[in-house]
Amino acid sequence: MESIDALNSDFLPIKKEGFVLWPLNFAVEGEIVECQGLVTNRSSRDYRNRLSPEIRKLAPRAFDIFGDIAIIRLPDELSESSDPIAQALLDSNPNISKVALDLGVGGQYRLRKLELIGGEPGFVSVHKENGLTFKLDISKVYFSPRLAMERQRISKLVDSGEKILDAFAGAAPFSVTLARRGCRVTAVDANPESEKWAHDNFHLNHIPVSDYDFICSRIEDTVADLDKYDRIIMNNPTKSLSYVDLLSPLVRPGGYIHLYCMAPKDGSL
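Mapping to the UniProt record's numbering: the sequence shown position 145 is 145, numbers consecutive.
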């Protein structure tokens, strides 16, 4: 029943006469018993429980949260149902004040095309992860909240004093995370909005200006002026592989490249 989203998480299962009665969102095959429901003490965060059965069946379970913005992708079949979905997201989570439809990432600066479908206007928000604070306009600069655990993982690998090159920095979440660990970071991104928000984020997280540089440029245009590094972060999933030959000479002996790319479903590259 869970696989077809038939269970209603606003209520608890009930044991009665040797049977377990499961609360349902809609009728399923089997014996249906009507009785007084036992409301769960915790509020349900599954926004889909607030939708009609027809919409609920197609609504995605997962969505991104950046600060107070919920960012969701919808299948074509739900193109006319964005209003009730946005309202359900707003009602189910008090920390969400706006909902944006994700229309994909593209362009030179890897920007999300967003459409506001609910809540307050604007895409500037303050996002917290791993004890750090990031402020930016999510529609104007690259930032992936899904990489929070990966940034934490890398931060546990570095030693204080390492020199880091963040080759496709966006709003500099990797750079800020590693600078807080005592690394000396050089962040590079061609997007002028990245430079603006990166400087703000270094400041918000109390990173001294002596611990970082931000170079507003394409990495290929500035590589000749760069130093040698203990680690290079290459977070440009659609293009990172094409930069390996360019950037690998910048890695010190024994150093590392952390490369992120899109892999086919069969796992090959």
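Ideal placement from N, C-alpha and C gives every residue a C-beta, glycine not left out.
Residue 96 places its beta carbon less than 9 Å from that of residue 119. Selection 85, 251 and 186 evaluated against residue 60 yields 85 as nearest (Cα-Cα). When the Cα atoms are used, residue 140 and residue 112 turn out to be separated by approximately 8 Å. Sixteen is the threshold: when 16 or more other Cβ atoms of the shown chains lie within 10 Å of the Cβ of residue 178, as they do, the residue is buried.
The Cβ atoms of residue 259 and residue 219 lie no closer than 9 Å to each other. Look at the beta carbons and you see the region 191-211 not touching the region 220-227: under three pairs across the two are nearer than 8 Å. When DSSP states are grouped into helix, strand and coil, residue 141 belongs to the coil group. The criterion of a C-beta distance shorter than 9 Å is not satisfied by residue 67 and residue 110. When 26, 234 and 242 are compared, the shortest CA-CA separation from residue 256 is found for 234. Residue 158 sits in coil when the DSSP states are folded into three classes, being neither helix nor strand. For the options 63, 261, 231 and 239, the alpha carbon positioned closest to that of residue 252 is the one of 231.
Taking a C-beta distance under 9 Å as the contact criterion, residue 191 and residue 87 do not qualify as a contact pair. Between residue 121 and residue 135, the C-beta spacing is not below 9 Å.
The shortest C-alpha to C-alpha distance from residue 174 to any of 143, 203, 57 and 263 is the one to 143. Membership of residue 15 in the beta strand (DSSP E) is indicated by the continuous run 14-16. Using a Cβ distance threshold of 9 Å, residue 167 and residue 188 count as a contacting pair. The residue from 208, 209, 127 and 222 with its alpha-carbon nearest to that of residue 65 is 127. The three-state secondary structure of residue 230, taken from DSSP, is strand. Burial is judged here by how many other beta carbons sit within 10 angstroms of a residue's own beta carbon; residue 146 has fewer than 16 and is exposed.
Cβ-Cβ distances below 8 Å link residue 237 to 260, 261 and 262 in the same chain, with the five nearest sequence neighbours on each side left out; the list follows chain order.
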